[in-house]
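Numbering (our numbering), first residue to last: 255 to 609.
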């Protein structure tokens, strides 16, 4: 009994320390954000109130926030999974587009068969997962076979996916009546069911949460998850222990890409109901920031995804309420990330001096 108490105490203390670090970082971020708003000649209280009321103060705001959380959470879990294996996936945006392209293709190809939604929706989502897995598996295979750095390959594939989307949305799949880079709508049976129909919230958030739980279980409860974590922690020791580094490399990056592809599938099937250019407003870069904020842990990533979604939705109203530029939301996100890193660095330095 004494042993369990002894081991439980350091764990509790570590949790308390981490909570205090985040509270301090959020407080510092709020102070710096307030100074930024004052420098832009805005009203601090009105700005903060606008962010909260726009994102959480109404059914429509909650719906928008839930819809934003889905791609942010899936993209961040994708980055987190790669990092736990020691790989940096910079290609989430490309994987989102790849998933969206295959989702749209599957919806168009199967739409004429008049399949029920119970069959068509899982099929188009699976197509999106496959699209993302391909764009994650390519850098995984190149890294596993020839040691090509996955950062360069994933970045280059972002451009491939983007320009392929541009070609399809302005060319063969274009909706000629729109005059924009968007495709014809996918069949109604391929659309995700709604979670809050009167406000426009779709069930993608439930899929994203389920995927996050599955990734958490994969990492903590399976042999594959142990191997991924072992390779990420110490590749040389993992190799000595009999783990195939090339196999884990390919599997990890393919799974990471599959999560990004699922995000693209949900954006097409749940939100836009068609493929559009500009499907992702930089979700990939945000996913890296969220993964850092969440310390590469599923629960932390989930909380950080919700916080960033609230900022994104709430910041859209700042132009009208306090005359801040539309980019203010990105400034607030950067402030939060920098403050968390600063407070964590100071805390780590203080601990190293006391030990």
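Think of the CB as a built atom: it goes at the ideal place given N, C-alpha and C, for glycine as much as any other residue.
Would you call the CB atoms of residue 597 and residue 546 closer than 8 Å?
no
By how many angstroms is the C-alpha of residue 326 removed from the C-alpha of residue 507?
18 Å
To the nearest angstrom, how far is the alpha carbon of residue 441 from that of residue 399?
41 Å
Exposed or buried, residue 256, counting other C-beta atoms within 10 Å across all chains shown (16 or more means buried)?
With a pLDDT of 47 at residue 256, under the threshold of 50, the modelled position of this residue cannot be trusted; read the value that follows with caution. The residue is exposed, with fewer than 16 neighbouring Cβ atoms inside 10 Å.
If distances are taken between C-alpha atoms only, which option among 560, 565 and 541 comes closest to residue 331?
541
Tell me which same chain residues have a C-beta within less than 6 Å of the C-beta of residue 500, skipping the five on either side of it?
398
Classify residue 322: buried if its beta carbon has 16 or more other beta carbons within 10 angstroms, exposed otherwise.
buried
Identify every residue that forms a DSSP beta bridge with residue 428.
437
Run of the beta strand (DSSP E) containing residue 450, from where it starts to where it stops:
448-450
If you compare alpha carbons, which of 527, 303 and 417 is closest to residue 444?
527
Does the stretch 294-312 come close enough to the stretch 555-571 to have 3 or more Cβ pairs within less than 8 Å?
yes
Touch check for the stretch 455-474 and the stretch 287-305: three-plus C-beta pairs under 8 Å?
no
Considering residue 322, what are the terminal residues of the alpha helix (DSSP H) in which it resides?
313-338
Relative to the C-alpha of residue 318, which candidate in 487, 453, 290 and 382 has its C-alpha closest?
453
Am I right that residue 510 and residue 403 are in contact with their C-beta atoms under 8 Å? What's the rounded C-beta distance?
That belief does not hold up - the Cβ atoms of residue 510 and residue 403 are roughly 15 Å apart, past 8 Å.
Near residue 338, what residues of its chain come up, given a Cβ to Cβ distance below 7 Å and the 5 sequence neighbours on each side ignored?
473, 482, 483, 486 and 550
With burial defined as no fewer than 16 other Cβ atoms inside 10 Å of the residue's Cβ, what is the status of residue 581: buried or exposed?
exposed
Could you tell me the distance, in whole angstroms, from the CA atom of residue 490 to the CA atom of residue 349?
30 Å
From residue 494 to residue 357, what distance separates their C-alpha atoms?
41 Å
Rounding to the nearest angstrom, what Cα-Cα distance links residue 320 and residue 379 in this structure?
19 Å
Here's the rule: buried if 16 or more other CB atoms are within 10 angstroms of the residue's CB, otherwise exposed. What is residue 289?
exposed
Where does residue 412 land, buried or exposed, given buried means 16+ other C-beta within 10 angstroms?
buried
Would you please state the rounded distance, in angstroms, between the beta carbons of residue 525 and residue 419? I believe it to be under 8 Å.
Actually they are not in contact, since the Cβ atoms of residue 525 and residue 419 sit about 15 Å apart, beyond 8 Å.
Using only CA atoms, which one of 266, 335, 532 and 569 lies nearest to residue 415?
532
Thinking C-alpha only, which one of 354, 594, 269 and 516 is nearest residue 285?
594
Opposing strand residues paired with residue 455 [DSSP bridges]:
450
May I have the straight-line CA-CA distance separating residue 517 from residue 329, to the nearest angstrom?
7 Å
Nearest to residue 302 by alpha carbon, out of 569, 515 and 514?
569
Nearest-angstrom beta carbon gap, residue 394 and residue 503 [assumed within contact, 8 Å]:
6 Å
Cutting at 8 Å between CB atoms, please list the residues of its own chain near residue 567, excluding the five before and the five after it.
308, 309, 315, 318, 319 and 322
Mapping DSSP to helix, strand and coil, what is residue 505?
helix
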